[in-house]
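First comes the structure, then the notes that go with it.
Structure (C-alpha cells):
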C-alpha cells in the first residue's frame, strides 16, 4: 500500500517587522557602545548603524543627526533614573526614607560606570561639539535637579524642612552625595562605588542634611 503523507507548507509571509520604538532602543545602545569605545567625534552614523544592525536610512529616519542620538541616549538614562526612583512611592514615604531613596537613586545614576564615561566624554569633547554639552546639561543635570528640588520644596511647604532656598539646598545636597566619588572615578583614581557604598553614602548624607534642616514637625 502506498501511504499519502500530507506535506505541511510553511507560510511565506513577510518576516516580523520590528517597531520603531524597539529599533530606537537598539540604536541607542549601539551608539552608547560606539561613544564609549571611540568617543563622540569618531563614532560615525555608519558605524552606529552597523553596530545596531540597521541601515543608515533607517537610522536617519529615526535620528536626523548624531546629536539627536546622543540626546535620546541621555533621555533614556534619565528615564531609568525616574523608574528606579518611583516618584509615586516617593510621595508617600516618610521624610528620612524618602530622602535616602532619592539620594540612592541619584547616586546609582550619577556614579555608574556608564554615566561617568559619558560625563568624561562630554567634558572632553564639549569645545568641539557644544551641542552635546547643552543636551547633557538640559537632559541630565536640569531634569534630575528639578525633580529633586520639587521634592524638597514640597517637604518645606508642608513644614517638614526649614529651607529658605530649596534650589540652592538641592545643589548642595547633590554635591554632597556625588562630587567626591564621581571626581575620583572620572580621574581614574578610584573605581566607581558599588551599590552598597552608594546606599551607605546616601544614609550619611541624609543624616547630615536632616540635622541641619529637619523641623520639629517632621
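In the UniProt record's numbering, the protein residues as written are 1 to 218. Note that CB positions come from ideal geometry on N, CA and C, so glycine has one too.
Whether residue i touches residue j by CB criterion (8 angstroms)
| i | j | result |
| --- | --- | --- |
| residue 198 | residue 108 | yes |
| residue 185 | residue 116 | yes |
| residue 210 | residue 99 | yes |
| residue 179 | residue 205 | no |
| residue 215 | residue 160 | yes |
| residue 56 | residue 46 | yes |
| residue 34 | residue 74 | no |
| residue 20 | residue 59 | no |
Cβ distance (whole Å) where residue i is taken to contact residue j below 8 angstroms
| i | j | result |
| --- | --- | --- |
| residue 71 | residue 135 | 4 angstroms |
| residue 213 | residue 162 | 6 angstroms |
Through-space distance from residue j to residue i, alpha-carbon basis
| i | j | result |
| --- | --- | --- |
| residue 52 | residue 26 | 6 angstroms |
| residue 84 | residue 129 | 30 angstroms |
| residue 121 | residue 42 | 12 angstroms |
| residue 126 | residue 110 | 19 angstroms |
| residue 158 | residue 96 | 15 angstroms |
| residue 263 | residue 201 | Residue 263 lies beyond the stretch modelled for the chain, which goes from 1 to 218, so this question has no answer here. |
| residue 207 | residue 104 | 13 angstroms |
| residue 114 | residue 68 | 19 angstroms |
| residue 124 | residue 183 | 14 angstroms |
| residue 181 | residue 154 | 29 angstroms |
| residue 152 | residue 174 | 12 angstroms |
| residue 50 | residue 66 | 14 angstroms |
| residue 190 | residue 24 | 34 angstroms |
| residue 44 | residue 166 | 42 angstroms |
| residue 54 | residue 37 | 19 angstroms |
| residue 192 | residue 106 | 14 angstroms |
| residue 39 | residue 156 | 42 angstroms |
| residue 203 | residue 196 | 11 angstroms |
| residue 22 | residue 82 | 20 angstroms |
| residue 8 | residue 18 | Residue placement at residue 8 is flagged as unreliable, the pLDDT there being 42, under the threshold of 50; the coordinate-derived value follows with that caveat. Going by the C-alpha atoms only, they are around 27 angstroms apart. |
| residue 64 | residue 137 | 21 angstroms |
Per DSSP, the bridge partner or partners of residue i
| i | result |
| --- | --- |
| residue 161 | 214 |
Does the pairing of the stretch 71-79 with the stretch 134-150 give three or more beta-carbon distances under 8 angstroms?
Short answer: they touch.
(message) Counting beta carbon pairs with one atom in the stretch 84-94 and one in the stretch 24-37, are three or more of them shorter than 8 angstroms?
(response) Verdict: no, contact absent.
*asked:* Using 8 angstroms as the cut-off, can you tell me whether the stretch 148-157 makes contact with the stretch 168-175, which would need three or more C-beta pairs spanning the two stretches below that distance?
replied: With a cut-off of 8 angstroms, the stretch 168-175 and the stretch 148-157 count as touching, because enough Cβ pairs lie within range.
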